[in-house]
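Q: Encoded as structure tokens, here's the structure I'll be asking about.
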Amino acid sequence: IPAELYEAAEVDGASRWRQFLHVTLPGLRPTIVFTSVVSTIGATQLFGEPLLFEGSVSGGISHQYQTLGLYMYEQGWGFFHLGRAAAIAWVMFLLIAVLVGANARLARRRYRKEAGR
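Below is the structure:
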């Protein structure tokens, strides 16, 4: 974030809190959105780490760390509910597609705004 923006806000009489709200957050918004989207996608695909905690796909005694990937695996290969596992895979795909589409749309909108279109 350019220092000139902070200097201009300070000249205009903005407090540190106002500078944070109106300069820092808008400047970091693309990074925050991208990180949130990528982290959410990674969390839906998390499989190996929770599996190592207990060694079974149940995700703990009360399923406290069972992810979508583990749940899909448990339904498909643990209980042989292959239709349910396929439905979970489609939901995961749609969730990821919506998140990626939203991220691309926000990035495109920001690019156009910066380019002055």
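Under the numbering used here, the residues of the sequence shown are numbered 1 to 117, in order.
No residue lacks a Cβ here, since even glycine has one placed at the ideal position from N, Cα and C.
As the structure is a prediction and not an experimental result, all values here were calculated from the model.
(1) Should L51 go down as buried or exposed, given a rule of 16 or more other Cβ atoms within 10 Å for buried?
(2) Mapping the DSSP letters down to three states, classify Y65 as helix, strand or coil.
(3) Going along the chain, which unbroken runs of the beta strand (DSSP E) with 3 or more residues stay wholly within the region 12-42?
(4) Between the C-alpha atoms of L99 and I41, what's the straight-line distance to the nearest angstrom?
(5) Short check: CB of V57 to CB of L68, under 7 Å?
(6) Looking only at its chain, what residues have a beta carbon closer than 6 Å to the beta carbon of Q66, apart from the 5 residues adjacent to it on each side?
(7) Looking at the unbroken alpha helix (DSSP H) that takes in I88, where does it start and where does it end?
(8) How far does the alpha helix (DSSP H) with F47 in it reach, from first residue to last?
(9) If we count the other Cβ atoms within 10 Å of its Cβ and call it buried at 16 or more, is V38 buried or exposed?
(10) Grab me the residues of L106's own chain with a C-beta within less than 7 Å of its C-beta, minus the 5 sequence neighbours each way, in chain order.
A: Inspection of the coordinates gives the following:
(1) buried
(2) coil
(3) none
(4) 8 Å
(5) no
(6) G59
(7) L82 to A115
(8) Here F47 belongs to no alpha helix (DSSP H), and DSSP marks it neither H nor E.
(9) exposed
(10) V33
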